[in-house]
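Numbering-wise (numbering that gives the first Met the number 0), the sequence shown opens with residue 0 and increments by one. Scroll down for the structure; my scribbles are underneath it.
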Amino acid sequence: MDHVKPGAGRNGGGGSGLISGGVKIGISMPTKDLLRWNCDGDQMKYELEAAGFYVDLQYANNDVNTQISQLENMINAGCLILIIAPIESSSLLDVLEMAEAKNVTVISYDRLIMDSPYVDYYVTFDDYMAGAMQGEYIVNSLNLDNYPGPFNMEISAGDPADNKAFFYYSGAMDVLRPYIDSGKLVVVSGQWDFDSVSTQMWSTEQAQSRAENILAAFYSDGTQVDAWLCSNDSTALGVINAIDSFYSSSLYYPVITGQDCNYANVKLMLEGKQAMSVFKDTRTLASQTVRMAVQIANGEVVDVNDDVTYNNGKKVVPSYLCAPVFADSYNYEEILIDSGYYTYDQLH
Ligand code: BGC
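Here is the structure:
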């Protein structure tokens with residue numbers, strides 16, 4: 000397995016019937032701080048080891064240099080496949096050249112690695128669809144097609160260094176923009192272009208301080224905010240903290256969206272503070288990635304279902320997109336507990 004880039008051609012790398020036994024795989028996750036990355040990493044490690052791979056799983060503490068040196072170590076240790084969720088989409092150019100020189104196959108996991116030709120595959124949930132779900136949830140919750148409004152809304156999007164952040168934002172905004180254009184939804188702060196609403200590193204603290212500033216500047220006169228589009232759970236948490244401290248005894252929460260179904264946010268959903276969270280079952284994504292790794296190691300044709308959407312600036316990266324769903328307080332038992340993702344006790 001060390002003489003050829005495993006599965007080097009998507010049109011079949013030779014179909015040698017090799018098994019994954021003995022192949023080393025490096026998994027590079029951004030941080031342990033958000034529950035989801037722990038679930039992603041654990042699930043992939045478990046399934047890859049069961050398939051006979053040797054696995055090196057590392058978390059980089061949201062620090063780009065740590066991620067790069069972890070990847071260098073993996074390459075030097077003989078990993079032939081790397082599964083990477085980049086911290087910054089465009090910071091891995093040199094280390095990926097090093098990977099290419101050693102015939103390593105690179106799978107970009109959940110987040111797309113940008114600006115490098117050496118990204119072989121991408122596995123993700125459909126990001127645009129996830130954003131559209133958040134937008135549609137707001138439309139339905141405020142009953143925008145039937146009520147005259149106007150309703151007030153604010154927006155907190157993700158990290159501009161993460162290529163996905165823009166897909167989430169555009170999926171949601173393509174649904175919401177017609178209502179903004181018609182005046183039914185009003186972004187009272189006037190901040191709605193991506194640069195104004197983005198949140199560095201998806202940071203809860205940054206989302207919170209921006210939300211505090213917006214509430215103080217535009218809502219102190221009693222104006223009510225009816226919806227707050229948040230691209231994920233860490234930004235939603237910041238917004239909820241800001242609302243909790245701004246309205247010291249708030250019984251009323253705007254329709255706040257999220258993504259990831261973190262425990263903390265599901266609990267907030269059950270308390271009526273967060274309305275929904277897009278659920279991207281990390282077991283689905285991890286299993287799809289493992290399937291891809293096995294196909295690569297065996298030199299088989301690698302399954303992809305999107306050959307057009309994900310241009311990383313150097314190439315269109317062949318991708319496998321999984322479909323997200325959403326959870327809210329009405330369906331969470333079925334989606335999150337009956338599916339075995341969480342236990343009842345974890346959420347109560
Ligand atoms: C992921 C989200 C996650 C965010 C912050 C994004 O790339 O798609 O699920 O909430 O990063 O870690």
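Quick reminder that beta carbons are idealized off the backbone N, C-alpha and C, glycines included.
Cβ-heavy atom distance, residue i to the ligand BGC, below 7 Å
| i | result |
| --- | --- |
| G157 | yes |
| L33 | yes |
| W227 | no |
| Q258 | yes |
| D125 | no |
| D62 | no |
| E161 | Per the sequence presented here, residue 161 reads as Asp, with Glu not at that position. Within the cutoff, so yes. |
| N264 | no |
| R282 | no |
| S233 | yes |
| D109 | yes |
| W191 | no |
| K44 | no |
| K355 | The displayed coordinates of the chain run from 0 to 347. Any statement about residue 355 would go beyond what the structure contains. |
| K279 | yes |
Residue environment, residue i, which counts as buried when at least 16 other CB atoms sit within 10 Å
| i | result |
| --- | --- |
| M105 | Position check: residue 105 holds Val in this sequence, whereas Met was assumed. Classification of V105: buried, given that the 10 Å Cβ count is 16 or more. |
| D344 | exposed |
| V254 | buried |
| Y329 | exposed |
| G8 | With a pLDDT of only 40 at G8, under the threshold of 50, the placement of this residue in the model should not be trusted; the figure read from the coordinates follows. It is exposed - the Cβ of G8 has fewer than 16 other Cβ atoms within 10 Å. |
| G237 | buried |
| D62 | exposed |
| V174 | buried |
6 Å Cβ shell around residue i - same chain, five flanking residues per side excluded
| i | result |
| --- | --- |
| G148 | K183 |
| S373 | Since the displayed the chain opens at 0 and closes at 347, residue 373 lies outside it and no answer follows. |
| Y178 | L143 and L184 |
| W227 | E153, V238, P253 and I255 |
| F150 | L141, L184 and D225 |
| D119 | T104 and V105 |
Cutoff 7 Å; reference residue i; Cβ partners in own chain excluding five residues on either side
| i | result |
| --- | --- |
| Y168 | G130, A156, F193 and S230 |
| T288 | M43, I82, I106, Y108 and V122 |
| R110 | A84, P85, S88, D161, N162 and K163 |
| A98 | I74, L81, V105 and Y117 |
| T308 | S318 |
| L47 | I24, V54, V289 and A292 |
Contact set for residue i: own chain, Cβ-Cβ below 8 Å, skip 5 residues either direction
| i | result |
| --- | --- |
| L92 | D114 and S115 |
| D126 | K163, F166, Y167 and G170 |
| L349 | Residue 349 lies beyond the residue range present for the chain, which begins at 0 and ends at 347; the question has no answer from this structure. |
| L335 | C260, V265, F278, A326, Y341 and L346 |
| Q190 | E153, I154, V196 and I213 |
Enclosing alpha helix (DSSP H) for residue i [first to last residue]
| i | result |
| --- | --- |
| A263 | Y262 to L269 |
| N352 | Since the displayed the chain opens at 0 and closes at 347, residue 352 lies outside it and no answer follows. |
Range covered by the beta strand (DSSP E) that runs through residue i
| i | result |
| --- | --- |
| T342 | It is not in any beta strand (DSSP E) - T342 carries neither H nor E in the DSSP assignment. |
| N106 | The sequence given here places Ile at residue 106; Asn does not occur at that position. Where I106 is concerned, the enclosing beta strand (DSSP E) stretches over T104 to Y108. |
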